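Undergrad:
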Amino acid sequence: MHKMPRAGILAPVSEWMISLKRIRQNLNKIVIMLGMTGLFSGFVWYGDWMDVQADEPVIVVIDPGHGGENLGAEYENYVEKEMTMIVADAMKEELEKYDGIQVYMTRYGDIETDMTLEERSEFAKSVNADFMFCLHFNMSEYHTLFGAECWISAFGEEYSKGYSFASVEMDLLQELGLYSRGIKTRLNKKGTDYYGIIRTATEREIPCVLIEHCHLDQENDKPFYDYDEKLKAFGKLDATAVAKYFHLRSEELGVDYSGYQNVEVPVPSGVVKPDSTETDVCMIEVLDQNMETGEVTVQVSAMDYDSGMLYYAYSYDNGETFSELQKWGDKSQDTITFTMQVPPHIVPQIVVNGYNGYDLYKTSNMISLPSMDYKTEEEIAEELARQEALESVAMEETPKKYKEVTYDVISEETAQDNMSLSYFLTVCGVCALLVLGMVYSMILILRSRKRRRRRRRY
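If you're matching positions, the sequence shown starts at 1072 in the numbering used here and goes up one per residue.
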C-alpha cells in the first residue's frame, strides 16, 4: 500500500509560506527605500535649513553719539554730535558694500529731541541686533590726554565679544597713527557698567563698544579730525573693523575677511574691574648731563601690574612744573630712556611721573644735579644782536668823528704853522734889530774916530 507523499498534503501551506516570505522581503525593500528616501529628504531639508541660516544677515546698529540739544564735546569750532554723524554715515555706507550684513542707525541727521540711552538700546533690541557700535570723540579735564580708546562691558559674554571687536578696532586706529589708550571697563557706584549705553545694551544681551576715536582738545590728535574727509576715513575704518570681526567679504571692495582670526577672549566668571590704583613702580636714573647744552639723559623704570604704562611727564624743578604728557612708547617695556632740556642758571632737581592705563600716576625719586651755567640759544642770539647793534651805531658815528678829528688835526697843524711863522718873524726882527744896532754902533765909532783926527790936526 502506497502512502500519499507529504508534499502533496503540505503543498498549499508551503506555497502560502513562500508567498508570505516574498511579501515580507518586498516590505523590507519598501521600508528600506522609504528610509533612504526619508534620509535623503532629511539631508535636503537640513541643507536647505543651513542655506537659510547662512543667508541670515549680521545685524548691527550704529549709534552716533549725542544729538539734539545734547551737543557732546565742544572745542574751538568742533561739535561732537555733528562729527559723530559724519562718521556714522560713512560707516554705514561702507558696511553696506559687504555681503551678508544689515545696518541700522539710532538717528539719521540731527534730532529735535534727545534720544535716551535706554531708547537707543531698546531700538537695537527691536531689530535683533548682533552688535551695537557707539561713536564718540573725547576731551579731558585739563586738556592733557591724547589718543584713542574703547570702552566695553565688564560682564560676561558682552565683555568677551566687546574685547574681541575692540582689539580689531584699536589695531586699525594705531595703524592710522593714533596713540592707543587701550581697551577698558568702568563701573559706577552701584557696581554696574558706568556708561549708560553699554549698561542698557548689556541688560538686553547686546554686545556694545563705545569708540572714542581721539581727543578734540589735543594738538597730538588734531591732524586726524580737522576736516570732514578725515572724519569719513574714521567711518570707513570702523566699517573695516566690523567686517573683519564678522568675517565679511565684498566683491565691490575686492576684500574677503572670511579667514580673519579674531582675538579669543574667554568669558569672565566675574566682574572685570578697572584699575583703581596708581602705578606700582617708578624709579629714575640720570645717565648723562651735558654741562654745555643743558641736556640731561634719564632712564625711567616703571611698571603697573594691572593696566600697564601709558604716559610719562618730567620735571626739572622737583615737581613744581611738569612737561606735557609723553608717549610711553613700547608698552611691553618696563624701561625707557629720554633726553630732557634743562634751563641754564638753575640747580636741576629731576623727577618723573609715570602714568598707568587709567591715567593714575606715581612720582619717582628725585635726583639733584650740579648747576649748568651755559648760555641758551636765545641768550647767544641776544648777545649777537646787541653786538651787531653796537657795531652798527659805531659805523654810523665813525664818519662824524672822522670829520671832527680831521678838523681838529687841521686846526692844530694850522696853529702850529702860525706859531712857527710868528717865531720866525720874531727871530728875524730881533736879528734885524741886532744888525741895525751893530751898524749904528759902527757908524758912531767911525764918527768918533774922525773927530779925534780932526782935533789932532788942529
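For glycine and all other residues, C-beta sits at the position ideal for the given N, C-alpha and C. In this text, all values refer to a predicted model and were calculated from it rather than measured experimentally.
To the nearest angstrom, how far is the alpha carbon of S1112 from that of A1312?
TA: Start at 1 with the first residue of the sequence shown, and residue 1112 comes out as number 41. Start at 1 with the first residue of the sequence shown, and residue 1312 comes out as number 241. In this prediction, S1112 has a pLDDT of 41, which is less than 50 and means its spatial position is unreliable; what the coordinates show is noted afterwards. Cα-Cα distance, rounded: 40 Å.
Undergrad: Between Y1432 and P1345, is the Cβ-Cβ spacing less than 8 Å?
TA: Counting from 1 along the sequence shown, the entry for residue 1432 is found at position 361. Counting from 1 along the sequence shown, the entry for residue 1345 is found at position 274. No.
Undergrad: Apart from the five residues just before and just after V1501, which ones in its own chain have a Cβ nearer than 6 Å to its Cβ?
TA: Here residue 1501 corresponds to residue number 430 of the sequence shown, with the count starting at 1. The answer is none, since no qualifying residue turns up.
Undergrad: In whole angstroms, what separates the C-alpha of V1343 from that of N1361?
TA: Indexing the sequence shown from 1 puts residue 1343 at position 272. Indexing the sequence shown from 1 puts residue 1361 at position 290. Rounded to whole angstroms, V1343 to N1361 spans 47 Å at the Cα level.
Undergrad: Who are the Cβ neighbours of Y1328 in its own chain at under 7 Å, not counting the five residues just before and after it?
TA: Reading the sequence shown from its first residue, position 257 is the one you call residue 1328. Contacts found: A1314, K1315, H1318, L1319, R1320.
Undergrad: Quick one: residues in its chain with C-beta nearer than 6 Å to the C-beta of L1188, no 5 flanking neighbours on either side, listed in chain order?
TA: Stepping through the sequence shown from its first residue, residue 1188 is reached at position 117. Contacts found: G1267, I1268, T1271.
Undergrad: Please go through the stretch 1236 to 1312 and give each complete alpha helix (DSSP H) segment of 4 or more residues, from N-terminal end onward.
TA: 1267 to 1274
Undergrad: Identify every run of the beta strand (DSSP E) within the stretch 1152 to 1230, keeping only runs that are complete inside it and at least 3 residues long; order them along the chain.
TA: 1172 to 1176, 1202 to 1209, 1219 to 1223
Undergrad: Is the stretch 1240 to 1258 touching the stretch 1218 to 1232 in the sense that three or more CB pairs, one from each, lie closer than 8 Å?
TA: yes
Undergrad: With a CB to CB cut of under 7 Å and the five nearest residues on each side skipped, what residues in its chain are close to M1107?
TA: Residue 1107 sits at position 36 when you count from the first residue of the sequence shown. Model confidence at M1107 stands at a pLDDT of 42, short of 50, so the residue's coordinates are unreliable; what they give is reported in the following sentence. Shown here for M1107: not one same chain residue has a beta carbon closer than 7 Å to its own, the five before and five after excluded.
Undergrad: Output the boundary residues of the beta strand (DSSP E) element that contains D1414.
TA: The count along the sequence shown starts at 1 and reaches residue 1414 at position 343. Per the sequence shown, the amino acid found at residue 1414 is Pro instead of Asp. Where P1414 is concerned, there is no enclosing beta strand (DSSP E), because DSSP gives it neither an H nor an E.
Undergrad: Would you tell me roughly how many angstroms separate the C-alpha atoms of V1123 and A1310, rounded to the nearest one?
TA: By 1-based counting over the sequence shown, the position of residue 1123 is 52. By 1-based counting over the sequence shown, the position of residue 1310 is 239. At V1123 the pLDDT is 36, less than 50, meaning the model places this residue with poor confidence; the figure from the coordinates comes in the next sentence. One C-alpha to the other measures close to 25 Å.
Undergrad: Where DSSP assigns a beta bridge to M1354, which residues make up the other side?
TA: Residue 1354 sits at position 283 when you count from the first residue of the sequence shown. Per DSSP, S1372.
Undergrad: Quick one: measure Cβ to Cβ for S1372 and A1384, integer angstroms, because I've assumed they're closer than 8 Å.
TA: Walking along the sequence shown from the start, residue 1372 turns up at place 301. Walking along the sequence shown from the start, residue 1384 turns up at place 313. Not quite, the Cβ-Cβ distance comes to about 16 Å (not below 8 Å), so this is no contact.
Undergrad: Give me the Cβ distance between T1350 and G1390, rounded to the nearest whole Å; I'm assuming they're in contact under 8 Å.
TA: Residue mapping note: residue 1350 aligns to position 279 of the sequence shown, counting from 1. Residue mapping note: residue 1390 aligns to position 319 of the sequence shown, counting from 1. Wrong, their Cβ atoms sit about 15 Å apart, outside the cutoff.
Undergrad: Between which two residues does the beta strand (DSSP E) harbouring N1436 extend?
TA: If you number the sequence shown from 1, residue 1436 lands on position 365. Here N1436 belongs to no beta strand (DSSP E), and DSSP marks it neither H nor E.
Undergrad: Among D1181, I1130, S1238, Y1169, whose alpha-carbon lies nearest the alpha-carbon of V1150?
TA: Indexing the sequence shown from 1 puts residue 1150 at position 79. Of the candidates D1181, I1130, S1238, Y1169, the one whose C-alpha sits nearest the C-alpha of V1150 is D1181.
Undergrad: Could you check what DSSP says for E1366 in three-state terms: helix, strand or coil?
TA: For the purposes of this step, residue 1366 is identified with residue 295 of the sequence shown, where counting begins at 1. It is a strand residue.
Undergrad: Kindly indicate which three-state DSSP category T1329 falls into: helix, strand or coil?
TA: Here residue 1329 corresponds to residue number 258 of the sequence shown, with the count starting at 1. Before going further, note that residue 1329 is Ser rather than Thr in the sequence given. Here S1329 sits in coil by DSSP.
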